[in-house]
Structures are given as C-alpha cells and as structure tokens.
Amino acid sequence: MKKIVQLTLGIMTALGGFVDLGQIVFTMQAGARFGYALMWSIALGAVAIILYMEMCGRVAAVAQKPVFAVVRKQLGQRLGVVTLIGSNLLNLITCAAELGAIAIVLHLFFGIDERFALVGATLVLGALVWLLHFQWIERTFGLSGLMMIVFGVAAWKLHPDWGAVTAGLVPRMPGHGSKDVLLYAYFAVGIFSALLMEYEVHFYSSGAIEEGWTAKDLPENTIVSTSGIVLGSLLTCALLILGAVVFLPDGIFPDQLSTTALPVALPMGKLALKIALLGILACVASAAVETALSAGYNVCQFYDIKWDKNIPPRDAPVFTALWVGTLIVALFIAITGIKPLTLVNFSIMFGMVMMPLTYYPILTSARDRTLMGEHATKNVQHILGWVFFGMIVIAALAAFPLMIVTHSGQP
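Quick note on numbering that gives the first Met the number 0: the sequence shown kicks off at 0 and runs consecutively.
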C-alpha cells in the first residue's frame with residue numbers, strides 16, 4: 000500500500016507539469032493545426048523527462064541533494080544565481096498563468112467574477128499548502144488530477160485513424176510553404192519544452208527528500224518517475240488527437256481554455272464535460288502549487304537554508320515566506336488582466352531557454368561516481384542523456400526566434 004501511495008508524487012508531478020494550462024491549450028492547438036504530425040515531439044519529450052526525472056530522484060535519494068544543491072555545485076555561485084533568478088521568474092510567471100486558469104474554470108462553473116475567483120482560489124490554495132504536510136498535498140492534487148483520464152476516453156471514443164496517429168511518431172516536415180514550416184517548428188519546440196518544464200524536476204527531487212527516500216528507494220524512484228510520465232504523456236497524446244479529430248476538419252484554432260474541454264462532450268455528454276473541467280481545475284491548481292513551492296525550495300536549497308513542508312511553517316520561516324510570497328505576487332500579476340495564455344506562451348519559451356542550466360547539473364551529478372558511488376548513471380543512460388541535452392540546447396536557441404517570427408504560433 001505504501002508503494003502504491005508513493006505513486007502520487009509521480010502522478011502529481013506529471014499531471015501538474017505535463018497537463019498544465021500550457022500543455023492543454025498548446026497541444027490541442029498543435030493537433031488543430033497539424034493533425035497527428037507532432038506526435039513524435041510528445042514521445043521525445045516523454046523519454047527525455049523520464050531520463051532526467053529518474054536522475055534527479057536518484058541524486059536526491061542517494062546523495063540527499065535536490066536540484067538546486069547540485070546547480071550550486073556544478074555551475075558555481077555566479078552562473079548558479081543566474082539560474083536561480085531565471086528559474087524562479089519562470090515559476091512566478093507560470094504560477095500566475097495557472098491561477099488565471101483556475102479563475103476561468105471557476106467562472107465557467109459558477110458564473111462568478113474572474114477576479115473574485117482569483118482571490119478566493121489563491122486563498123484556498125494557500126490555506127491547503129499551509130495546513131497540509133507534503134504527502135497529503137501530493138495525494139490530494141495527484142489523485143484529483145486523475146479526472147483528466149476523461150480526455151483519453153473521449154479520444155478513444157472518437158475513433159481516430161490509428162494508422163495516422165502512429166505515423167505521427169515519425170517526424171515529417173509540412174510541405175505548404177515557409178510559414179507552415181516555422182509554425183510546425185514552433186509547436187514542436189513548445190510541446191517538447193512544456194513536457195520538460197523545470198519545476199517538474201525541482202518539485203520531484205524536493206519531494207523525494209520530503210518523503211525521506213534513500214538508496215533503498217531507488218526501485219520506487221524508477222517506478223514513480225516512469226509511471227507518472229507515461230500517464231501524463233498518454234493524456235497529452237489524447238489532447239493532440241482531440242485537436243486533430245474535432246478542430247482540424249473545421250479549421251478551428253482553439254485559443255481559449257474553455258474551448259479545449261468541449262471535445263469531451265461530443266462522444267460522452269455534459270457530465271463528461273463537467274468532469275473534464277474538474278480535471279483541468281485539479282491540474283492547473285497542482286501546477287500553481289508546484290511552482291509556488293518550487294520557488295521556496297530553489298532559494299533555500301541554493302543557499303542551504305532550512306526547508307521542509309512536513310514541519311510547522313514557522314519553523315522554516317524563509318521557505319514559508321518564499322512560497323507564500325510567490326502566490327501573492329502571482330495573484331497580483333494575474334489580477335492585472337494579462338491573459339493566462341499570453342503568460343503561458345512566454346513561460347514555455349522562456350523555460351526552454353533556461354533548461355540547459357537546469358538539466359546539465361542533473362546530468363553531470365548523476366554520473367559523478369564520487370557523489371553517487373555504485374549508483375552513478377550507467378553508460379547507455381548517460382549517452383542518451385547527452386543526446387537529449389543536445390536537443391534541449393538546440394530548442395533553447397530556437398525558442399524565442401520562433402516565437403517572434405510566428406507571433407506566438409498564430410496561424
């Protein structure tokens with residue numbers, strides 16, 4: 000039973016990281032624009048994050064060092080501070096976008112003013128995080144996020160062309176002019192980036208330490224990291240399929256969070272639509288919590304300040320002030336009226352730029368035999384890690400130019 004419950008860390012990390020606001024809208028837009036042609040980018044991103052999440056969990060379990068402890072060691076003080084500032088700015092922007100998404104869903108359900116919903120939702124999330132220990136946070140948000148499975152069921156019931164779906168696992172450039180090529184590249188980079196958002200590994204490695212993992216828990220680390228990511232990637236594939244089946248034939252480009260839930264109602268009715276909206280609410284709330292907590296984890300780990308979500312908040316005052324402050328500032332950003340999708344489009348591309356500075360320390364620390372001993376990364380996984388790191392660097396260099404020339408993916 001304990002091992003089954005431990006899966007909630009992987010589920011919360013995957014659903015909050017994979018199926019957050021950016022992934023939901025971004026992936027469905029990709030399906031609406033290019034059909035199944037970008038399925039390969041989901042597969043690549045899934046394999047990459049499985050590799051790196053397993054590494055960061057292993058380093059946390061064996062060496063008791065979370066991500067920003069190894070960032071400080073591998074990058075040094077100056078570059079480490081740059082990484083810290085960039086990562087926490089990304090956490091802040093993403094948290095603001097997720098809070099905005101929560102307000103949209105609450106407005107759809109109850110018709111209440113979105114600004115009122117923003118304030119109320121932030122207070123509720125803050126209270127939950129304040130009162131609950133880490134294990135109950137991950138169980139609450141991880142298990143409630145499983146309502147997103149309704150998207151997978153809907154995709155199956157719409158009977159897509161499975162031959163075309165599997166053909167999408169092989170990259171093919173579109174043949175309709177330079178604009179389509181640039182848009183295709185933009186969505187490929189965006190999907191890959193959204194699957195690898197840094198706060199996933201920040202939260203996962205911190206969670207491994209919060210749960211007291213040691214080298215004896217390495218089998219659980221492999222199972223938890225893999226199972227959560229497989230679930231998240233399958234749901235992401237379902238979003239792409241729904242975009243291709245429902246929106247592509249009519250030339251509809253879904254640019255509202257509310258629009259993305261509608262395909263579920265076609266084969267399954269209004270009840271399924273409500274479940275889909277609740278699933279979205281759970282996932283974006285999970286992402287808001289992950290990003291807020293990660294902001295506190297990152298600073299405290301980098302400067303070796305006491306942090307722990309399993310002790311009273313007053314006993315870790317800096318950590319508490321950081322995650323509470325992140326929620327408050329994110330609320331003020333969201334309440335200005337900036338569209339959540341505007342924030343999330345920027346965060347996905349900015350996250351891509353910052354990724355090499357997060358994933359390089361994980362890759363090198365997991366291989367460090369002095370630090371990891373017999374648990375250091377084996378040759379095959381290390382080579383794969385470098386291959387994917389090369390892809391991350393290429394995508395990081397391309398991210399902002401693609402965002403500019405495609406006007407954030409507008410058709």
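Every residue, glycine too, gets a C-beta built ideally from N, C-alpha and C. It should be emphasised that the depicted structure is a prediction, and the values quoted were computed from it without experimental measurement.
Grab me the residues of D19's own chain with a C-beta within less than 7 Å of its C-beta, minus the 5 sequence neighbours each way, in chain order.
Reading the sequence shown from its first residue, position 20 is the one you call residue 19. Only E97, C282, V283 and A286 meet the Cβ criterion.
Skipping 5 residues on each side, what residues in its chain have a beta carbon closer than 8 Å to that of F272?
For the purposes of this step, residue 272 is taken as residue 273 along the sequence shown, with counting starting at 1. The sequence given here has Leu at residue 272, not Phe. The residues are A260, L261, V263 and A264.
Check whether the stretch 356-363 touches the stretch 67-82, taking contact to mean three or more Cβ pairs, one atom from each stretch, closer than 8 Å.
yes
Mind checking which residues open and close the alpha helix (DSSP H) that includes V323?
Taking the sequence shown and counting its residues from 1, one reaches residue 323 at position 324. Here the alpha helix (DSSP H) through V323 covers P316 to I334.
Rounded to whole angstroms, what's the CA-CA distance from E209 to L234? Just pull it up for me.
Numbered from its first residue, the sequence shown carries residue 209 at position 210. Numbered from its first residue, the sequence shown carries residue 234 at position 235. Going from the Cα of E209 to the Cα of L234 covers about 27 Å.
Closest Cα partner of I222 within the set F133, P173 and E53:
Along the sequence shown, one-based indexing puts residue 222 at 223. The candidate whose alpha carbon is nearest that of I222 is E53.
List the whole-angstrom C-beta distance separating L401 from V244, where the pair is believed to meet the contact cut-off of C-beta under 8 Å.
Your numbering for residue 401 matches position 402 in the sequence shown. Your numbering for residue 244 matches position 245 in the sequence shown. Between V244 and L401 the Cβ distance is about 26 Å, and since that is not below 8 Å, they are no contact.
By DSSP, does V263 sit in helix, in strand, or in coil?
Walking along the sequence shown from the start, residue 263 turns up at place 264. Correct three-state label for V263: helix.
Any chance the stretch 359-375 sits against the stretch 334-349, with 3 or more Cβ pairs inside 8 Å?
no
Can the beta-carbon of V352 be found less than 7 Å from the beta-carbon of A398?
Walking along the sequence shown from the start, residue 352 turns up at place 353. Walking along the sequence shown from the start, residue 398 turns up at place 399. Yes, the pair counts as a contact, with Cβ atoms nearer than the cut-off.
Kindly give me the distance between the Cβ atoms of V61 and I361, rounded to whole angstroms, as I take these residues to be in contact under 8 Å.
Counting from one through the sequence shown, the residue named residue 61 turns up at place 62. Counting from one through the sequence shown, the residue named residue 361 turns up at place 362. Not confirmed; about 13 Å, so no contact.
Under a three-way DSSP split, which group does Q63 fall into?
Here residue 63 refers to the residue found at position 64 when the sequence shown is read from its first residue. In this structure, Q63 counts as coil in the three-state DSSP scheme.
Assigned secondary structure, V169 (DSSP; H/G/I helix, E/B strand, else coil)
Position 170 of the sequence shown, counted from the first residue, corresponds to residue 169. If DSSP states are grouped into helix, strand and coil, V169 belongs with coil.
Enumerate in chain order the residues of its own chain whose CB-to-CB distance from P170 is below 6 Å, with the five nearest sequence positions on each side excluded.
The count along the sequence shown starts at 1 and reaches residue 170 at position 171. Closer than 6 Å at Cβ, skipping near neighbours: W39.
Once DSSP output is grouped into helix, strand and coil, what is the label at D216?
Residue mapping note: residue 216 aligns to position 217 of the sequence shown, counting from 1. Here D216 sits in helix by DSSP.
Member of V404, G408, V200 and L326 whose CA lies at the smallest distance from the CA of L91:
Counting from one through the sequence shown, the residue named residue 91 turns up at place 92. For L91, the nearest C-alpha among the options comes from L326.
Is the beta carbon of T165 less than 7 Å from the beta carbon of T290?
Translated into positions along the sequence shown, residue 165 becomes position 166. Translated into positions along the sequence shown, residue 290 becomes position 291. No.
Closest by C-alpha distance to R57, when choosing among L74, T225 and G324:
The count along the sequence shown starts at 1 and reaches residue 57 at position 58. Answer by Cα proximity: T225.
Taking M411 as the reference, give the member of A193, A47, E113 and M267 with the closest Cα.
Residue 411 lies beyond the range of the chain shown here (0 to 410); nothing can be said about it.
Helix, strand or coil at N309 according to DSSP, with G and I counted as helix
Residue mapping note: residue 309 aligns to position 310 of the sequence shown, counting from 1. Three-state result, N309: coil.
Helix or strand or just coil, what does DSSP make of Q22?
Here residue 22 refers to the residue found at position 23 of the sequence shown. Three-state DSSP puts Q22 in a helix.
Helix, strand or coil, according to DSSP, for F349 in the structure here?
Numbered from its first residue, the sequence shown carries residue 349 at position 350. The answer is helix: DSSP assigns F349 an H, G or I state.
Nonlocal neighbours in the same chain, by C-beta distance under 6 Å from T405, ignoring five residues either side
Here residue 405 refers to the residue found at position 406 of the sequence shown. The answer, listed in chain order, is L181, L182 and Y185.
Sort Q380, G324, T363 and P266 by Cα distance to K72 and report the nearest one.
For the purposes of this step, residue 72 is taken as the residue at position 73 of the sequence shown. Nearest option by C-alpha distance: T363.
Helix, strand or coil: which one does DSSP assign to K1?
Here residue 1 refers to the residue found at position 2 when the sequence shown is read from its first residue. Summary for K1: the model assigns pLDDT 49, below 50, so the residue's position carries little reliability, and this model does not support an answer.
Length of the line joining the Cα atoms of R32 and Q380:
On the sequence shown, residue 32 is found 33 positions in, with the first residue counted as 1. On the sequence shown, residue 380 is found 381 positions in, with the first residue counted as 1. Taking the straight line joining both Cα atoms gives about 34 Å.
By the three-class DSSP mapping on this structure, what secondary structure does S407 have?
The residue given as residue 407 occupies position 408 in the sequence shown. Residue state, collapsed to three classes: coil.
Three-state secondary structure (DSSP) of H381:
Counted from its first residue, the sequence shown places residue 381 at position 382. In the structure shown, H381 sits in a helix (DSSP, three-state: H, G or I).
Under a three-way DSSP split, which group does Y203 fall into?
Numbered from its first residue, the sequence shown carries residue 203 at position 204. Three-state DSSP puts Y203 in a helix.
7 Å Cβ cutoff met for A47 and F387
Position 48 of the sequence shown, counted from the start, is the residue given in the question as residue 47. Position 388 of the sequence shown, counted from the start, is the residue given in the question as residue 387. In this structure, F387 lies closer than 7 Å to A47 by Cβ.
Could you tell me which whole alpha helix (DSSP H) segments of length 4 or greater appear in the stretch 51-133?
66-109 and 113-130
Less than 7 Å between the beta carbons of M147 and G278, yes or no?
To locate residue 147, count along the sequence shown from 1; it is residue 148. To locate residue 278, count along the sequence shown from 1; it is residue 279. Their beta carbons are under 7 Å apart, which means M147 touches G278 by this criterion.
Is there contact here, the stretch 240-259 with the stretch 152-159, by at least three beta-carbon pairs under 8 Å?
yes
DSSP three-state assignment for E137, whether helix, strand or coil
Translated into the one-based positions of the sequence shown, residue 137 becomes position 138. DSSP places E137 in helix when its eight states are reduced to three.
Under 8 Å by Cβ, that's how I've got V149 and A275 pegged, so tell me the actual separation to the nearest angstrom.
Counted from its first residue, the sequence shown places residue 149 at position 150. Counted from its first residue, the sequence shown places residue 275 at position 276. Their Cβ separation, rounded to whole angstroms, is 5 Å, which keeps V149 and A275 in contact under 8 Å.
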